[in-house]
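In this note's numbering, the protein residues as written are 1 to 608.
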């Protein structure tokens, strides 16, 4: 069914192909309305009714569909029932606010004309809402609906393609205007070129909006785990006067604590708001930095434009009068859509890096690991595997990106050029990836094979399943490459020592225990991350020491056995503590902090 300001349309059992074709005809018909719909194409029990009628008769088919017993309903009552219908999609394309939260009054909504049809978000029985119109829901109405399992974003997200398209149009016309004024193109040629680029511009806009909603869905998938990170970011924005929490209907400290206790995170409508603020914050930081002037990012500027412009007018694009703003905007969308809202603030708290530094690290990691190509291959699985499998693959990529970006920022000066980072790490990382799973322990190889089999059985091509499956061990690849470079050693030998050492010292088990620690504050979260980072550092440094002292032994396991013999007291003490911990039913921060500190002592003994 459907309704507008004049009519109510009921089609209780439509033929999708026939009804789509008829609606398409009406769309192309000037000044058309529901009364122009061919009545012969409406299913039994349906019809078109004027909203001016006193009451509308309900057929048995309509009563069954809506779950009502009345034989007639007033038009506004019928509209309320339509809004509550058990359907897949509720699409709002009109004017007015039709859904609020139970906690809100009609007066607070500010749309008196629709009070008699308006319902609460918790009364909706549809699966998905699409907001083609603005303000069809209150924000609290959206939150109420999604808190009960419904799927929706916000009107701003669902309508963002229009704004995006306008931005492209303006920026393209500025570029072409300069080219015409230089005498390199006639007005007629400009107009023809604009028409020819229509489909490609539409593709660029849709791709961006696809990425944005994908990003929000990925964040929502892990929202309970990221609640403290999101809450911390909201608080920081509020403290700096960049966000009014009450105005945007974002939860306060008490509500966040209640959600944490229930194992809930932010809803998609709330994440949509935070995502937008994250982009504004990120963009402002980039525009104020030297990032848009860095020649390395010229490819970002060119990627924004249709290919025909990038190829024919490359020189003109790099002197576009809005080049700084376009570059900053393009980078902001690319990065925030991948790492999610608040990651920049999280990075600042962990390693003291700013947004320009994060940007350089992200782009370097993307080049080193071929992230864009891998992400594109996962996106190409649309409608071939389930959305859950796609999101699982994407989150595995995101975990790698987050870990390695922070690693770069922790171990390299922020001013280091992107190209030097790429040149330093890319070949080693790719050599290690190509050699997988050879350097892994037998246990890790078995786990990898199980993961690849699971993904393959879910419909993921085996080659792609393998590339994604190795991402977990590849998170340590920068440590491995660093040691190999420092000691001029074979990358696969270093990796074999590194991974076998981790097994020998039970570091993988310790990481799992650290990951299972209960966190109750943002600082617990940071402390947990720091423990894992310290463990990684110990593993890298002990690996370096083993290679330095025992390289003549050539084989990883022999080198490790010799190291154990040389450091038997420290090793025995560590093994004793781990064995005791394994016998316990649970571990806490203090216990794991102690064993990590013990590993540091063991690392110190190797360097004496």
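Just so it is clear, CB atoms sit at the ideal spot from N, CA and C, and this is done for glycine as well.
Put residue i into one of helix, strand or coil per three-state DSSP.
i	result
residue 129	strand
residue 9	strand
residue 503	helix
residue 87	coil
residue 549	helix
residue 224	coil
residue 1	coil
residue 50	strand
residue 575	helix
residue 72	strand
residue 368	helix
residue 268	helix
residue 398	helix
residue 600	helix
residue 554	coil
residue 438	coil
residue 607	Because residue 607 carries a pLDDT of 39, less than 50, the predicted location of this residue cannot be relied on, and the following value inherits that uncertainty. Coil, per DSSP.
residue 62	helix
residue 313	coil
By the 10 Å Cβ neighbour count, where 16 or more other Cβ atoms means buried, how is residue i classified, buried or exposed?
i	result
residue 28	exposed
residue 39	exposed
residue 12	buried
residue 198	exposed
residue 241	exposed
residue 22	buried
residue 538	buried
residue 299	exposed
residue 443	exposed
residue 18	exposed
residue 523	exposed
residue 609	Because the chain in this structure spans residues 1 to 608, residue 609 falls outside the shown range and cannot be described.
Using beta-carbon positions only, say whether residue i and residue j come within less than 9 Å of one another.
i	j	result
residue 138	residue 99	yes
residue 204	residue 176	no
residue 416	residue 358	no
residue 433	residue 396	no
residue 611	residue 190	This structure gives no information on residue 611, because the portion of the chain shown stretches from 1 to 608.
residue 672	residue 476	A query on residue 672 cannot be resolved here, the shown segment of the chain reaching from 1 to 608 and no further.
residue 534	residue 571	no
residue 125	residue 85	yes
residue 156	residue 340	no
residue 563	residue 391	no
residue 10	residue 62	yes
residue 67	residue 59	no
residue 501	residue 560	yes
residue 355	residue 289	yes
residue 152	residue 130	yes
Between the Cα of residue i and the Cα atoms of the options, which residue gives the shortest distance?
i	options	result
residue 319	292, 332, 335	292
residue 228	89, 253, 300, 210	253
residue 464	312, 387, 374, 474	374
residue 418	242, 295, 558, 544	295
residue 489	600, 164, 544, 218	544
residue 50	257, 5, 213	5
residue 470	446, 303, 338, 571	446
residue 309	438, 185, 285	185
residue 573	47, 558, 594	594
residue 158	66, 401, 168, 91	91
residue 259	520, 584, 525, 526	520
residue 140	96, 251, 408, 282	251
residue 223	206, 147, 188	147
residue 76	115, 239, 423, 414	115
residue 349	380, 525, 382, 209	525
**Item:** Given 8 Å, three or more beta-carbon pairs between the segment 549-561 and the segment 487-499
**Value:** As far as the Cβ criterion goes, the segment 549-561 touches the segment 487-499, which means the pair count is three or higher.
**OP:** Determine, using beta-carbon pairs with one atom in the segment 506-514 and one in the segment 476-493, whether at least three such pairs fall under 8 Å.
**Re:** Short answer: they don't touch.
Take every Cβ of the segment 76-84, pair it with every Cβ of the segment 102-109, and state whether three or more of those distances are shorter than 8 Å. No, the segment 76-84 is not in contact with the segment 102-109.
Segment contact, 8 Å Cβ cut-off, at least three pairs: the segment 226-242 with the segment 267-278
At 8 Å Cβ cutoff, the stretches touch.
message: Would the segment 358-372 count as touching the segment 305-324 if we require 3 or more Cβ pairs under 8 Å?
response: Verdict: no, contact absent.
Pair every Cβ in the segment 327-334 with every Cβ in the segment 261-268, then say whether three or more of these pairs are closer than 8 Å.
-> Because the criterion of three Cβ pairs below 8 Å is not met, the segment 327-334 and the segment 261-268 do not touch.
| request: Evaluate the contact criterion for the segment 66-73 versus the segment 107-117: three or more CB pairs, one atom per stretch, below 8 Å. | output: Touching, no, given that fewer than three Cβ pairs across the two stretches are closer than 8 Å.
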